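Visitor: Residue numbering for the sequence shown follows full-length UniProt numbering, beginning at 441 and increasing consecutively. We put the CB at the ideal spot given by N, CA and C, even for glycine. None of the values given here were measured: they were computed from a predicted structure.
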Amino acid sequence: RPVPVVAIDGPSASGKGTVAARVAAALGWHTLDSGAVYRALAWLALEKGVALDDPAALVALAGTARLEFRDGGVAVNGVDVGDAIRTEAVSCAASRIATLPAVRDALLALQRASRRRPGLVADGRDMGSVVFPDACVKVFLTASPEVRAERRYKQLIAKGFNANIDQLRRELAARDAQDRARAVAPLQAAPDARQLDTTAMTIDEAVATVLEWVRTAC
Ligand code: C5P
């Protein structure tokens, strides 16, 4: 029997990371925060001064770097970058390199390697459509732009960063537009994905909904 995967995709700050972590904890499964994969490479490119529009250089960088994703932690060449990759500068850089097909291909095997027993909960933009097309549950998780800006604002403040809610709303909108418009693996619901609008939902309600889907489909 293949290792079961729950794929949770959706726009920035929709709550998918939080829901994915909670669902995984409830099931005792592993997690893959695929946004952190793009963020880690983007962070490294900024550190090393590698151009964000140079696919060959970025693929070479991905090939030589040790990118580790374990238990929600992120390390690049042994250095913990869990917080450093959450800045808006890195968000923006991640979204840019994510438009490059060669970069996406180079990060595919790394993401699929997270699939381990007893199961995986993966969140991102293309978990259900590209990386794990055989996922037993595919969720497309959304929330209104206002609620998403508010959630990202609280997340940044809690981590000790400065944040401006209007600026965040604009940045989220720009990043969404870029994620939706790109030619390769654009942000869109897989045809067999279940829509989950969390605008008026608590985290507990969203988690309970996904767990019920897992119970019946995985
Ligand atoms: O989810 P998160 O905001 O951390 O993702 C950062 C960026 O990485 C996104 O804006 C998107 O461009 C890219 N990404 C992607 N495919 C994924 C996950 C993230 O293209 N599966």
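1. Would the beta-carbon of residue 730 be found less than 7 angstroms away from any heavy atom of ligand 1?
2. Between the region 507–514 and the region 567–580, are three or more C-beta pairs nearer than 8 angstroms?
3. Which of helix, strand or coil does DSSP assign to residue 488?
4. Which one or two residues does DSSP pair with residue 578 in a beta bridge?
5. Less than 8 angstroms between the CB atoms is what I'm expecting for residue 660 and residue 464, so what's the real figure, rounded?
6. Which same chain residues end up closer than 6 angstroms to residue 538 when comparing Cβ atoms and leaving out the 5 residues on each side of it in sequence?
7. Extract the residue ranges of the beta strand (DSSP E) inside the region 569–616, only unbroken runs of 3 or more that lie entirely within it.
8. Quick check: does the Cβ of residue 564 come within less than 7 angstroms of any heavy atom belonging to ligand 1?
9. Could you pull out every residue in the same chain whose Cβ sits closer than 7 angstroms to the Cβ of residue 491, ignoring the five residues on either side in sequence?
Guide: So, from the listed chains and residues:
1. The structure shown has nothing for residue 730, since the chain only spans 441 to 658.
2. no
3. helix
4. 447
5. Lying before the first or after the last residue shown, residue 660 is absent from the chain, which here runs from 441 to 658.
6. 478
7. 577–582
8. yes
9. 497
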